[in-house]
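So the sequence shown is numbered by my numbering: it starts at 1370 and just counts up by one.
Note that beta-carbon positions come from the ideal geometry of N, C-alpha and C, so glycine has one too.
No experiment lies behind these values; they were computed from the predicted model shown.
See structure below.
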Amino acid sequence: MLAQDAIKTLDTRIGEIKQVLTQELHALRTDRANPTMVEDIQIDAYGSRMRIKELASVTIPEPRVIVIQPWDTANTASISKGLEVSDIGTSPVVQGNIIRVVLPPMTEERRKELTKVVHKKVEEAKIELRQAREEALKEIDAQEEAGGISEDEKFRLKDETQKKIDAAQQHLVDTGAGKEKEILTV
């Protein structure tokens, strides 16, 4: 692997880390309903574990209401049961072939808990960034020891790596701050 490939691998890892954090933060409940809050909940259906989005359509007809309409009505009960045991903080209501999930207004205490979760997820993403940086730096050092790059090139690549990591960390912090503001807005 060439040292430049280490930078490309780092770019790929940074993109993946940003995407995972964004998806995790989308799934956190704010005062507005969001399909991602329920889409990935695992349900027992057809003899295996499946996500709700694989079994039903999820719509948001009102700001605090999620409507789930199973494509096979035989799955209505198992989807309802899966929602009850999930951590979305509300009970589903089955109305014929559809399931309604009405989100109650969030309490101040719940908002503070969610901001702690946001901090935790941002910190986990930062740790992954640091691990990606260490892998890239090791690869650059290995290339220099093998004679593949000069010492000047090694320092230039290390500097480029650090700049990419710094920019990515700032992006993670900004993403977390935006989600916090969304959660704390009453």
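- With contacts defined as CB atoms closer than 8 Å, residue 1455 and residue 1468 fail to qualify as a contacting pair.
- Take residue 1509, set aside five residues on each side of it, and the residues of its chain with a beta-carbon closer than 8 Å to its own are 1372, 1375, 1518, 1523, 1526, 1527, 1530, in chain order.
- Put simply, the region 1479-1497 touches the region 1542-1553. At least three CB pairs are less than 8 Å apart.
- Listed in chain order, the non-local C-beta contacts of residue 1540 below 7 Å within the same chain comprise 1387, local neighbours out to five positions each way being set aside.
- In this chain, the alpha helix (DSSP H) harbouring residue 1537 covers 1520-1553.
- The Cβ atoms of residue 1383 and residue 1406 lie no closer than 8 Å to each other.
- Excluding its 5 nearest sequence neighbours in each direction, residue 1502 has C-beta neighbours in its own chain below 8 Å: 1379, 1530, 1531, 1534, listed in chain order.
- When DSSP reads this structure, residue 1439 sits in a beta bridge with 1425.
- Bridge pairing for residue 1414: 1417 [DSSP].
- The alpha-carbon of residue 1499 is positioned some 21 Å away from that of residue 1513.
- In the three-state DSSP reduction, residue 1407 falls in the coil class, being neither helix nor strand.
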